Amino acid sequence: MLCYDGYLTPQNPRNQQHCIGASYHRGQTETAFSAEDQRQNRQRLVDCFPDAQWAQEVDTSANEARCGVRCATRDHLPMVGNVPDYEATLARYAQLAGQKEGCALCAGA
Numbered sequence: 170m171l172c173y174d175g176y177l178t179p180q181n182p183r184n185q186q187h188c189i190g191a192s193y194h195r196g197q198t199e200t201a202f203s204a205e206d207q208r209q210n211r212q213r214l215v216d217c218f219p220d221a222q223w224a225q226e227v228d229t230s231a232n233e234a235r236c237g238v239r240c241a242t243r244d245h246l247p248m249v250g251n252v253p254d255y256e257a258t259l260a261r262y263a264q265l266a267g268q269k270e271g272c273a274l275c276a277g278a
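Numbering (my numbering), first residue to last: 170 to 278.
Written as C-alpha cells, this is what we have:
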C-alpha cells in the first residue's frame, strides 16, 4: 500500500489492477460512481509524485470504481468495533464529557 494524499494498492493478481483513492465528502451517502472524484483521485497521485513517469501512466479512463460509505471520526483516525447505537452511546457516556483522565486509546495491534 502506497499512502500519500490518497492511496494506491498493490496490483491485484486476479485482474492485474490497482485501486487508487479515496474521495471523501462529509455527510454524503450517495454511492454512485463519480467521474470527477476518479479524476481527482488520479490527479492527487500525479501531484504527489510529479517526477514519477509511472504515476502519469495510471489509467482511470475505464471508469471502474468501488464506491461506498465509510464511517470516520472527526480526526479521521481509525475506529474499532461494531458501529454503536449513536443515541444510546451518547446517553451511556455523557458523564465522561468532563472526565478525560483515564480514557483509553486503542492505537491498533
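All residues carry an ideal CB built from backbone N, CA and C; glycine is no exception.
The structure displayed is predicted, hence computed values, not measured ones.
Could you give the residue range of the alpha helix (DSSP H) that holds residue 255?
Locating residue 255 in the sequence shown gives position 86, where the first residue counts as 1. Taken as a continuous stretch (DSSP letters only), the alpha helix (DSSP H) holding residue 255 covers 255–261.
Three-way DSSP call (helix, strand, coil) for residue 196 in this model:
Counting from one through the sequence shown, the residue named residue 196 turns up at place 27. Correct three-state label for residue 196: coil.
Bounding residues of the alpha helix (DSSP H) (the contiguous stretch that carries residue 224):
Translated into the one-based positions of the sequence shown, residue 224 becomes position 55. Where residue 224 is concerned, the enclosing alpha helix (DSSP H) stretches over 222–225.
For residue 175, which option in 228, 196 and 212 has the closest C-alpha, if you only look at C-alpha atoms?
Residue mapping note: residue 175 aligns to position 6 of the sequence shown, counting from 1. For residue 175, the closest of 228, 196 and 212 by C-alpha to C-alpha distance is 212.
Thinking residue 192 and residue 210 are a contact (beta carbons under 8 Å), I'd like their distance in whole angstroms, please.
Sequence index remark: in the sequence shown, residue 192 carries index 23 (1-based). Sequence index remark: in the sequence shown, residue 210 carries index 41 (1-based). At roughly 6 Å, the Cβ-Cβ gap stays under 8 Å, so residue 192 and residue 210 are in contact.
Span of the alpha helix (DSSP H) holding residue 185?
Translated into the one-based positions of the sequence shown, residue 185 becomes position 16. According to the DSSP assignment, residue 185 belongs to no alpha helix (DSSP H), since it is labelled neither H nor E.
When you compare each of 196, 187, 235 and 236 to residue 214 by their alpha carbons, which one comes out closest?
Counting from one through the sequence shown, the residue named residue 214 turns up at place 45. Ranking 196, 187, 235 and 236 by Cα distance to residue 214 puts 187 first.
Sorted by chain position, which residues of the same chain lie with C-beta nearer than 6 Å to residue 233's C-beta, five sequence neighbours on each side aside?
Within the sequence shown, residue 233 is the residue found at index 64, counting from 1. Excluding the 5 residues flanking it on each side, residue 233 has no same chain C-beta neighbour closer than 6 Å.
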